[in-house]
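Chemist: Numbering-wise (this note's numbering), the sequence shown opens with residue 23 and increments by one. No residue lacks a Cβ here, since even glycine has one placed at the ideal position from N, Cα and C. Predicted model only: the values in this text are computed from it and were never measured.
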Amino acid sequence: MKVQYIATIAITAILGLATANISNANSNILTRSNSITLSSQVAQSNPCAGKPNPCAGKPNPCAGKPNPCAGKTNTSTTRHPKFYTENGMALDGQDVVAYFTQNKLVNGVQQFKHNWGGTNWLFSSAANRDLFAQNPEKYAPQYGGYCAQAASEGKLAATKPDAWKIVNGKLYLNYDKTVQTQWMTDIPGHIALANKNWPGILNNNDLFR
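1) Could you check what DSSP says for A185 in three-state terms: helix, strand or coil?
2) Mapping the DSSP letters down to three states, classify Y106 as helix, strand or coil.
3) Look up N225 in the DSSP assignment and say whether it is helix, strand or coil.
4) On the DSSP bridge list, what partners appear for W143?
5) Note down, in chain order, each residue of its chain lying with its Cβ closer than 6 Å to the Cβ of A155, except the 5 sequence neighbours on either side.
6) Go to K192, then tell me how far its alpha helix (DSSP H) extends in each direction, as first and last residue.
7) Based on the DSSP output, what are the partners of F230 in its beta bridges?
8) Alpha carbons only, please: which of W205, G139 and W143 is nearest the one belonging to N109?
9) Can you give the Cα-Cα distance for L113 and L215, rounded to whole angstroms?
10) Could you work out which residue in G191, G211 and W186 is closest to V201 when comparing CA atoms only?
11) Determine the direct distance from the alpha carbon of Y121 to that of S146, and round the result to whole angstroms.
12) On the DSSP bridge assignment, give the partners of N129 in chain order.
13) Could you tell me the alpha carbon to alpha carbon distance between T153 and E175, rounded to whole angstroms?
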């Protein structure tokens, strides 16, 4: 009887242990199943899950390419040329340097021609031509050789080579000597006004001759 009781207890213990192991196994299976299901759901909700970064390792598409704007200049043009010319020559062929060095009108010659600013300038000597070439801004007339008085009035007008005056190291020309007399009544004031209007007046409809 006692042996049978002990055997019964042993069998019961063995059955309990087996049941526990089966329960744990089932629990592990359910846990793994849930984990797989959750991972699958995450992968389906994230369109990039598991895929490589499409941008990884790619260089900057602009790297090594030149700046498309580098070296480009403003190509806009004006209605009238920057420098007033007659017969294709600035100052009607006068030697602009002579205004400064000889204080008088001196005709230039084709032999000593120099192109600057898209305009042909004539000189009476190689020395004057070279002086101009070294520093054209110093000798070129203000307002491109257009009338200084007209420029102060917001107008664009031709000039005569003999209606000239150097003020503070700069050359100014006028339509004629009569207009120059008007300009000389208030040189600083007229210069200030002309400076505000220049170079906008190059787009005026009219050039007065």
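Modeler: Taking the coordinates as given:
1) For the purposes of this step, residue 185 is taken as the residue at position 163 of the sequence shown. It is coil, neither helix nor strand.
2) Within the sequence shown, numbered from 1, the residue matching residue 106 stands at position 84. It is coil, neither helix nor strand.
3) By one-based count along the sequence shown, residue 225 stands at place 203. Helix.
4) Along the sequence shown, read from residue 1 onward, the residue named residue 143 stands at position 121. According to DSSP, residue pairing for W143 in a beta bridge involves H136.
5) On the sequence shown, residue 155 is found 133 positions in, with the first residue counted as 1. So the list reads H136, once near-sequence residues are dropped.
6) The residue labelled residue 192 in the question sits at position 170 within the sequence shown. Run containing K192: none in the alpha helix (DSSP H); it sits in the beta strand (DSSP E), K192 to L195.
7) Reading the sequence shown from its first residue, position 208 is the one you call residue 230. Answer is A179.
8) The sequence position of residue 109 within the sequence shown is 87, counting from 1. Minimum Cα distance to N109 is reached at W143.
9) The residue given as residue 113 occupies position 91 in the sequence shown. The residue given as residue 215 occupies position 193 in the sequence shown. Straight-line measurement puts the Cα of L215 at about 23 Å from the Cα of L113.
10) Locating residue 201 in the sequence shown gives position 179, counting from the first residue. Answer by Cα proximity: W186.
11) Counting from 1 along the sequence shown, the entry for residue 146 is found at position 124. Counting from 1 along the sequence shown, the entry for residue 121 is found at position 99. Rounded to the nearest angstrom, the two C-alpha atoms are 12 Å apart.
12) Start at 1 with the first residue of the sequence shown, and residue 129 comes out as number 107. Per DSSP, Q116.
13) Position 131 of the sequence shown, counted from the first residue, corresponds to residue 153. Position 153 of the sequence shown, counted from the first residue, corresponds to residue 175. First, the residue type needs correcting, since residue 153 is Leu and not Thr in the sequence shown. Approximately 33 Å, taken between the alpha carbons.
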